[in-house]
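Visitor: Take this structure, written in structure tokens, and hold onto it; I'll ask about it next.
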Amino acid sequence: MDVKYYEIDPDGDVLLLLRTAKQEDESSEDREFANDEPKAETPNERMETEKRETECSGDAKSADEKTKAESPTESVESSDIDIRMRLSSKHLILASRYFQKMLGGDWKEGCILRDGQQLEVTEEGWKSGPFLILMNIIHGRTKKVPRTVTIDVLTEIASLVDYYECLEVVEIMAEIWTSKITIPHLTLKDIAQWLWLSYAFRWARKFKTWTKCAILTIEGPLYTQGLPIPDRILSKQLIKSRGLEVRKTSRANGDNRRDTGAERGID
Numbered sequence: 001m002d003v004k005y006y007e008i009d010p011d012g013d014v015l016l017l018l019r020t021a022k023q024e025d026e027s028s029e030d031r032e033f034a035n036d037e038p039k040a041e042t043p044n045e046r047m048e049t050e051k052r053e054t055e056c057s058g059d060a061k062s063a064d065e066k067t068k069a070e071s072p073t074e075s076v077e078s079s080d081i082d083i084r085m086r087l088s089s090k091h092l093i094l095a096s097r098y099f100q101k102m103l104g105g106d107w108k109e110g111c112i113l114r115d116g117q118q119l120e121v122t123e124e125g126w127k128s129g130p131f132l133i134l135m136n137i138i139h140g141r142t143k144k145v146p147r148t149v150t151i152d153v154l155t156e157i158a159s160l161v162d163y164y165e166c167l168e169v170v171e172i173m174a175e176i177w178t179s180k181i182t183i184p185h186l187t188l189k190d191i192a193q194w195l196w197l198s199y200a201f202r203w204a205r206k207f208k209t210w211t212k213c214a215i216l217t218i219e220g221p222l223y224t225q226g227l228p229i230p231d232r233i234l235s236k237q238l239i240k241s242r243g244l245e246v247r248k249t250s251r252a253n254g255d256n257r258r259d260t261g262a263e264r265g266i267d
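As structure tokens, this is what we get:
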């Protein structure tokens, strides 16, 4: 497999290795909305990445189960990696609570950065196009950010925003994107996606609107299309209103989320 290399920040101190979702077949949609061209990684850069084995001194704590990043001491097979990105820890820490905890605290990753060394982390399970869009937004590369996206791409971005806890830097673009999305024929998938978008971006009024739409439209169970909408939130809105059953399909990311929805204005 050819590994694509994106230099989001040429002076960045973080090399992020992305193992994309296994079911992902790089579609024209992903290529279009990534809106960026990969750079060829030089042999020296590849050798530096493969040979970098650094240990942090002291009682540094490693990331918990939620952080899927790997220590630089762990070898990564090139055949498992789809994308490499050169990123800035400062931008990541400012934009994302997830990366703030990982890179700015007492975990091993943060200790490596404070020692002035380059850090290598691995993330997995995401589609490459939406992930690249998010990284460009976080790093202020606005010219690389598309002004329109499909609802499927936006749904994936919403999942990224929810997982990495970086709503503030994305919410303006999310409003721009949603204003340009049309729904020719409403489907059950559309309802589930808009419920998730409203929840992830904390649009309380839209969430109530789409909840009402679900109540009036769906006669059978509401399938959430694998989107990590907390059961307790939908249960309050749907079961209380009409006894509508909620059924979910499994998804690796977000299953362990503890979220009552109160802080989003959704209750």
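Here the sequence shown stands for residues 1 to 267, numbered as in UniProt numbering.
Every residue gets a Cβ at the ideal spot worked out from N, C-alpha and C, and that includes glycine.
When we look at the beta-carbon of residue 110 and count the other beta-carbons within 10 Å, is it buried (16 or more) or exposed?
Guide: Locating residue 110 in the sequence shown gives position 110, where the first residue counts as 1. Residue 110 comes out buried.
Visitor: With H, G and I counted as helix, E and B as strand and the rest as coil, what does DSSP make of residue 76?
Guide: Taking the first residue of the sequence shown as position 1, residue 76 is located at position 76. With a pLDDT of 38 at residue 76, under the threshold of 50, the modelled position of that residue is not reliable, and the figure given next carries that caveat. Coil at residue 76, not helix or strand.
Visitor: Compare the Cα-Cα distances from residue 148 to each of 173, 105 and 208 and report the closest residue.
Guide: As a working mapping, residue 148 is identified with position 148 in the sequence shown. Among 173, 105 and 208, the Cα nearest to that of residue 148 belongs to 173.
Visitor: Excluding the 5 residues preceding and the 5 following residue 190 in the sequence, name in chain order all residues of the same chain whose CB lies nearer than 6 Å to its CB.
Guide: Residue 190 sits at position 190 when you count from the first residue of the sequence shown. Cβ neighbours of residue 190 beyond the five flanking positions: 183.
Visitor: Please classify residue 205 as buried or exposed, where buried requires at least 16 neighbouring CB atoms within 10 angstroms.
Guide: Taking the sequence shown and counting its residues from 1, the one referred to as residue 205 is at position 205. Residue 205 should be labelled exposed.
Visitor: Going by C-alpha distance, which of 181, 102, 137 and 83 is nearest residue 150?
Guide: One-based indexing of the sequence shown puts residue 150 at position 150. Minimum Cα distance to residue 150 is reached at 181.
Visitor: From residue 93 to residue 198, what distance separates their C-alpha atoms?
Guide: Numbered from its first residue, the sequence shown carries residue 93 at position 93. Numbered from its first residue, the sequence shown carries residue 198 at position 198. Near 25 Å, if we compare the C-alpha coordinates of residue 198 and residue 93.
Visitor: What do you get for residue 97, buried or exposed, if any count of 16 or more other CB atoms within 10 angstroms of its CB means buried?
Guide: Taking the sequence shown and counting its residues from 1, the one referred to as residue 97 is at position 97. Exposed is the call here.
Visitor: Count the other C-beta atoms from every protein chain shown that fall within 10 angstroms of the C-beta of residue 142, then say buried if there are 16 or more, exposed otherwise.
Guide: Position 142 of the sequence shown, counted from the start, is the residue given in the question as residue 142. Label assigned to residue 142: exposed.
Visitor: Considering Cα atoms alone, identify which of 13, 167, 165 and 187 is closest to residue 84.
Guide: In the sequence shown, the residue the question calls residue 84 occupies position 84. Here the closest residue by C-alpha is 13.
Visitor: Any heavy atom of the ligand HEM within a distance shorter than 7 Å of the CB on residue 13?
Guide: Questions concerning the ligand HEM fall outside what the structure shown contains, since it holds no ligand whatsoever.
Visitor: Where does residue 161 fall in DSSP's three states?
Guide: Here residue 161 refers to the residue found at position 161 of the sequence shown. If DSSP states are grouped into helix, strand and coil, residue 161 belongs with the helices.
Visitor: Using C-beta distances below 6 Å, list every residue in its chain close to residue 194, excluding the 5 sequence neighbours before and after it, in chain order.
Guide: In the sequence shown, residue 194 corresponds to position 194, counting from 1. 210, listed in sequence order.
Visitor: Starting from residue 296, trace the alpha helix (DSSP H) in both directions and tell me its first and last residue.
Guide: In the structure displayed, the chain extends from 1 to 267; residue 296 sits before or after that span and is not available.
Visitor: Please say whether residue 126 and residue 154 have beta carbons closer to each other than 8 Å?
Guide: Translated into positions along the sequence shown, residue 154 becomes position 154. Translated into positions along the sequence shown, residue 126 becomes position 126. No. Outside cutoff.
Visitor: Check for me: the alpha helix (DSSP H) holding residue 276 runs from which residue to which?
Guide: Because the chain is modelled from 1 through 267, residue 276 falls outside the range shown and cannot be assessed.
Visitor: For a quick check, are the C-beta atoms of residue 223 and residue 188 less than 8 Å apart?
Guide: Within the sequence shown, numbered from 1, the residue matching residue 223 stands at position 223. Within the sequence shown, numbered from 1, the residue matching residue 188 stands at position 188. Yes, these two residues count as a Cβ contact at 8 Å.
Visitor: Where does residue 146 sit, in a helix, a strand or coil, going by DSSP?
Guide: Counted from its first residue, the sequence shown places residue 146 at position 146. Coil at residue 146, not helix or strand.
Visitor: Hey, how far is the Cα of residue 102 from the Cα of residue 218?
Guide: Position 102 of the sequence shown holds residue 102. Position 218 of the sequence shown holds residue 218. Looking at the two C-alpha atoms, the distance is approximately 42 Å.
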